[in-house]
Amino acid sequence: MNDEIISKSYEPKEVENKWYGFWEKNGFFRAEPVSDKPPFCIVIPPPNVTGSLHMGHALNDTLQDILCRYKRMKGFNVLWQPGTDHAGIATQNVVERDLSAKGTDRHAVGRERLVELVWEWRKKYGGLILNQLKKLGCSCDWSRERFTMDEGLSRAVKEVFVRLYDDGLIYRGDYIINWCPRCRTALADLEVEYEDRDSFLYHIRYFIEGSDSYVVVATTRPETMIGDTAVAVNPKDERYTDLKGKKVILPLVNRHIPVIFDRYVSMEFGTGALKVTPAHDANDFKIGNTHNLERIKVIDEDGRMNDLAGPYKGMDRFECREKIVDDLKKGGFIEKIEPYANAVGHCYRCKTMIEPLLSKQWFVKVGPLAKNAIEAVKNKRTRIYPSTWEGVFFEWMTNIRDWCVSRQIWWGHRIPAWYCKKCGGINVAKDTPIQCRFCGSDELVQETDVLDTWFSSALWPFSTLGWPDLTDELKTFYPTSVLITGFDILFFWVARMMMMGIYFMGDVPFKDVYIHALVRDAEGKKMSKSKGNVIDPLDVMEQFGTDAFRFTLAAMAAQGRDIKLSTDKILGYRHFVNKIWNAARFILMNLNQRDRDQDDSRIKDGQNHYTLPDRWILTRLSDVSGQVSEAIDTYRFNDAAGISYQFIWHEFCDWYLEMAKEALYGEDTAVRDVTANVLQQVFGAILQLLHPIMPFVTEEIWHKLPETEGSIMQSSFPEPSDFLHDEESLREMDLLTGVITCIRNIRGEMNIPPSSKVKIAIDVHDPEQREVLEQNVPHIKNLAKVDEITIGSGIPKPDASATAVVDRISVHVLLRGLLDFEEEKKRLNREIKKIEKKIDAGRKKLSNPGFLNNAPSHVVDEVRNKTDLLSAKLKKLNQHLGLFEGIDA
RNA sequence: AGGCACGUAGCUCAGGGGGAGAGCACUACCCUGACACGGUAGGGGUCGUGGGUUCAAAUCCCACCGUGCCUACCA
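Numbering (my numbering), first residue to last: 5 to 893.
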């Protein structure tokens, strides 16, 4: 017996705090390294240590938690691998900001101390986002938490680097890279964000050597001209054919540079003549390579002009631009300046304008790796859901460029390479070498650069499982089951995990990739701090409860469409949680009333006492259990939520609970106990169906329900075969609810207040239908507010009655003194008109030989039956209407 | 410039070749002993436009219009 009194409305706060600790303490989130159960594994997209939970995380992690909880209930050995990412640039920036607030900087404190400070920062604040995940209810195996800078993961990083280097897939070289002058580091192509800027296109005259004529080049970056080493034109461009073999004189600098011919140059753009600065432009760099041009670097790592810039030395690049334009004007070199909009690259971390720079960096040769990743997706070893993303994946992977992995910061995995001071040889090794492998010298200095953070997160699916050791975890859980992520890191992360996983593990890192939506604001705009439109998930959880929030996210997570989130929607699902809570309240009140010791035998042969509503709700539950499973299995989270919602609110609560009252309050104890038992069984299953989406409220109620054991987390997910399945009950229930609904409809339309009961007469010919109605008279009485019912075959329409037709049954509602004849005529006419329209459509089809010959027979039958039924209904309605003719109210 | 997605009820969106759906909002009546975070009933849509395929199109194909996103070396 449970004599707790449940409050009238659900208060999430206390409940949520209670259960998370309970689950964690009992080790319910723990995965088994070795198990007979089938494995299921998700690695969490590791959030940045510096991060705090935003809507993107909330959606991402809710979906993962739904899958993990569901799979556990389905009997899988589930590992949800949690952890965080060291986020090199972002994290170092945070600590550097602290330093600058104290009036110092990283150079003053030195590398070693800075790294120490970052570790200290991480120890203090790094757990924030993980605690927020716990608030969300995430059932990660926290005993296995990993950090990309952990010793184990660092070992994996070294192993990978060395092997790739030995295999010729990592090289070091002078290339043009994206440089952030503020972070003072190189960035990968992906880490550059392009933004449209209003700028100018400067047309500059380059005079031809030994001539008064000139070539006009167009550029957006005049300050780089000091580093120009050629002017390029298209070989087909007839305007410039006479420039073959000529040189031009660089204005202001007076350096003589060649005119070269390259198909890359567009004849349509600008003047068709392009100034080439191999050291400061990625495309110019390429042209420079094909034509063996000199690379003159005039801008330094801090974004200032260097020694080679002569009079402009020391100037900031933007300041220099103004000065140079000024000087060009004075010297008469400017042909014209026109406004021009172009896309300019910015650092994704600090938004500083990127400087393409010639620099010595480490690269991963991605071509061969990408090829394997493409193969894996092509032959479905990894499936991408929704599949539209496959195209995007292929597109990017086939056009991928080598990946610059070195970063000139201090926080990260230091590249395991040592340069020999004596012979200049590069020693790449897992362990610090004692002497140079080329000359034997012991004068070795380690590379100061660290690796791109994504380099270590690319190893996440196997490094977290213990690789390079061949652990039980690795054997059990690799390849992982599914990766859940947003498309924004499809390339940053997913593609790189694919490449690394296949190369080092010989198999894909995950069997499925599910790409979910982006969470936007109510207007569909991306949430951002600067726009001030962010909704903080923690606020939402505080205000509406975590379960309502999670349910909202699941309900809106339709594939292929972004989520426009507003608090209105969450409020709606909060009402749903409350509805469930109150259903529980009702059920507990009634279960408590029965004598549990005596009813067991009766319940065992309960099927004999099942009422129509009992059979119906069990059948529906059986169907719904299958549908929800299928939805989750195919990542249709919105369907899982929608099907549950519809079933619980509009079938279980609206119909079953209302009808159960008849049995629960009735005299027949056998029926009462059986219904109580069905109620308990169905509601228990409902909680289980909902648990993956709403873990807290379901656990809370589970513990209040009698005859439940332990945590709902560890119970089994409902299977269709767990419940009675009786197709007949669906048809019977349709009939019953149809009759009740049409009486309610008449009452509503006639404005009969709920307090006044009506008498009805039902004219039904079919004996089976008649039996169903006769057996369920009490439900009709209760739910349609009826006090007297006459059921029979061929019953004439009583005077002063309103009539509705359901199936082939006429339902007359007696309204002596209440019936407005004109209103009723109008109502009937409206109904008749609707039906006539449908009948017309049906007849038209049936008279079309094309339809009869080509449509499948079941479709033809269906249309014929429907039309017949509607015709019968129409006939009856017309008869009833006829009885009103000549009567004036 | 190219690619992809999306245009369905006032709003937010499901659906995806054979009877137009949900939630919210709206209207009317109800505090009926689980729930007013509730109940019952109702109104509201030529499924962006124009073609095509089909016996049958909101659904498949093409074009166009509109919206959003991604990619790109046009300096």
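Quick reminder that beta carbons are idealized off the backbone N, C-alpha and C, glycines included.
Which residue's Cα is closest to the Cα of residue i: the options?
i	options	result
TRP84	PRO42, ARG34, PRO437 and TYR24	ARG34
ASP677	ASN586, PHE590 and ALA664	ALA664
ARG176	TRP27, LYS327, PHE337 and ASN431	ASN431
MET357	ARG188, ALA105 and ASP330	ARG188
GLY79	SER720, SER217, MET754 and LEU622	SER720
ILE716	HIS695, SER363, LEU254 and ASP551	HIS695
TRP415	ILE438, ASN403, LYS879 and VAL454	VAL454
TYR352	GLU195, GLY576, LEU691 and ARG117	GLU195
ILE180	ASP824, LEU557, TRP27 and ASN293	ASN293
THR623	GLY549, GLU704 and PRO722	PRO722
ASP618	ALA635, ALA645 and ALA680	ALA680
LYS317	LEU63, GLY231, PRO758 and LYS761	GLY231
For residue i, report the span of its alpha helix (DSSP H) as first-last.
i	result
LYS334	321-334
CYS424	Unbroken run through CYS424 is the beta strand (DSSP E), 421-424; no alpha helix (DSSP H).
ARG176	No alpha helix (DSSP H) contains ARG176, which is instead part of the beta strand (DSSP E) from 174-184.
SER112	The question names Ser, yet the displayed sequence has Ala at residue 112. Start and end: 110-113.
CYS72	59-77
VAL628	616-637
ALA160	155-170
LYS763	First-last for LYS763: 762-767, but that is the beta strand (DSSP E), not the alpha helix (DSSP H).
ASN21	16-29
PRO771	771-779
LYS870	861-888
Ordered along the chain, which non-local residues of its own chain (more than five positions away) have a Cβ less than 8 Å from that of residue i?
i	result
LEU542	LEU57, GLN136 and LYS139
LEU522	GLY60, GLY490, PHE491, ASP492, LYS530, ASP566 and ILE567
GLY276	VAL237, ASN238, ASP241, ARG243, TYR244, VAL269 and SER270
ARG405	ASP193 and VAL370
Report all residues from its chain with a CB closer than 6 Å to the CB of residue i; omit the five preceding and five following residues, and keep chain order.
i	result
THR228	THR281 and HIS284
ASP476	PRO37 and VAL38
GLY186	Just to set this straight, residue 186 is Arg in the shown sequence, not Gly. The residues are CYS354 and THR356.
GLN883	none
PHE459	VAL409
SER11	none
Helix or strand or just coil, what does DSSP make of residue i?
i	result
THR392	helix
ARG387	strand
MET754	coil
TRP471	coil
ALA347	strand
ALA808	strand
GLN85	strand
MET3	As shown, the chain starts at 5 and ends at 893. That puts residue 3 outside it, with no answer to give.
ASP601	Bear in mind that the predicted position of ASP601 carries a pLDDT of just 48, short of 50, making it unreliable; the figure below should be weighed with that in mind. Residue state, collapsed to three classes: coil.
ASP791	strand
ASP216	coil
GLN450	strand
GLU936	Outside the modelled stretch of the chain, which goes from 5 to 893, sits residue 936, for which no answer is possible.
GLY549	coil
ARG606	A caution first: ARG606 carries a pLDDT of 48, below 50, which makes its placement in the model too unreliable to give a value.
THR712	coil
Tell me the residue span of the beta strand (DSSP E) that contains residue i.
i	result
HIS520	514-520
GLN650	Where GLN650 is concerned, there is no enclosing beta strand (DSSP E), given that its DSSP letter is neither H nor E.
ARG209	196-212
PHE3	Coverage of the chain is limited to positions 5 through 893, which leaves residue 3 absent and any answer about it impossible.
HIS816	813-818
GLY292	Careful: GLY292 lies outside any beta strand (DSSP E), inside the alpha helix (DSSP H) at 286-294.
Can you give me the Cβ contacts of residue i inside the same chain, cut-off strictly under 7 Å, excluding the 5 residues immediately before and after it?
i	result
ASP200	ALA345 and ALA347
### Query
Just checking, does the region 464-472 make contact with the region 499-508 on the three C-beta pairs under 8 Å criterion?
yes
### Query
Would you call the region 374-391 and the region 511-530 touching, i.e. three or more CB-CB distances under 8 Å?
yes
### Message
Can you confirm whether the region 743-763 touches the region 811-824 when touching is taken to mean that 3 or more C-beta pairs between the two stretches lie within less than 8 Å?
### Response
yes
### Task
Would you check if there are 3 or more beta carbon pairs closer than 8 Å linking the region 583-591 to the region 681-693?
yes
### Query
Does the region 832-845 come within contact of the region 772-787, defined as at least 3 CB pairs closer than 8 Å?
no
### Validate contact between the region 102-111 and the region 470-486 using beta carbons, cut 8 Å, 3 pairs
no
### Task
Could you say if the region 209-222 and the region 287-307 meet the contact criterion of at least three C-beta pairs nearer than 8 Å?
no
### Query
Are at least three pairs of beta-carbons, each pair with one atom in the region 641-648 and one in the region 555-566, less than 8 Å apart?
yes
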